[in-house]
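Take a look at the structure set out below.
Numbering (the numbering used here), first residue to last: 2 to 207.
Right, here's the structure in full:
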């Protein structure tokens, strides 16, 4: 597939597909499977915005690797949760559902993510930055919601971690003022940001 080769050649690290049935047309099952097959042939993972009844199940059937948002429109069955946990990871994006307020959508998402985590699924920190009032930087409310979903502080740190600190890994890291394994509010005190081996100027993060 020429599009796949061009996309991979331009440096893409993933392919994102919209399965938002509430916003407009979505790919057919055959198209979605073909997208996943082509991406995997190029060694690229597939992530999706799955919104609307049955869209998570369609993503599962096609071989999607990641849900870009915790499902919030419907309570997933335990069977679907178990299947997701075995083959997918989920990017949290919980606070976007309430911006600090308790909402029905947030309750559904927390329930889905809690059961996904309990089933052994991999949870990745994410905030959907750019939508609404979510601030840049590490968002403490998102971390606290991850705690509410059942993650330990150590698991939250892992959810925030892109790669281990070792030779050959991306030279991207932060230095904070306290131990996040004791209190996730430690991420409020970022002392240093290193991106691609270069120290970021303090105004960029402070």
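Glycine included, each C-beta is placed from N, C-alpha and C at the ideal position.
For residue 86, collect the residues of the same chain with a Cβ closer than 7 Å to its Cβ; drop the 5 residues on either side in sequence, then sort them by chain order.
Apart from sequence neighbours up to five positions away, the residues of its chain that approach residue 86 with a beta-carbon distance below 7 Å are 117, 120, 121, 122, ordered along the chain.
4-residue-minimum alpha helix (DSSP H) runs that sit fully inside the stretch 73–128, ordered along the chain:
List check, alpha helix (DSSP H) in window: 79–88, 105–119.
Who are residue 20's beta bridge partners in DSSP?
Residue 20 has 51 as its beta-bridge partners, per DSSP.
In its own chain, which residues sit with a C-beta less than 6 Å from the C-beta of residue 82, not counting the 5 before and 5 after it?
For residue 82, same chain residues with a beta-carbon under 6 Å away, outside a window of 5 residues either side, are 116, 117, 120 in chain order.
Which residues in the same chain have their Cβ closer than 6 Å to the Cβ of residue 73, if we skip the five residues on either side of it in sequence?
Same-chain partners within the cutoff: 98, 106, 109, 110.
Check whether the Cβ atoms of residue 51 and residue 60 sit closer than 8 Å, and answer yes or no.
Yes.
Tell me, which residues are paired with residue 146 by DSSP?
Per DSSP, residue 146 has no beta bridge partner at all.
Taking the CB atoms as reference points, tell me whether residue 179 and residue 196 lie closer together than 8 Å.
Cβ distance not < 8 Å, so residue 179 and residue 196 don't count as in contact.
So what does residue 199 bridge to, in DSSP terms?
Bridge pairing for residue 199: 196 [DSSP].
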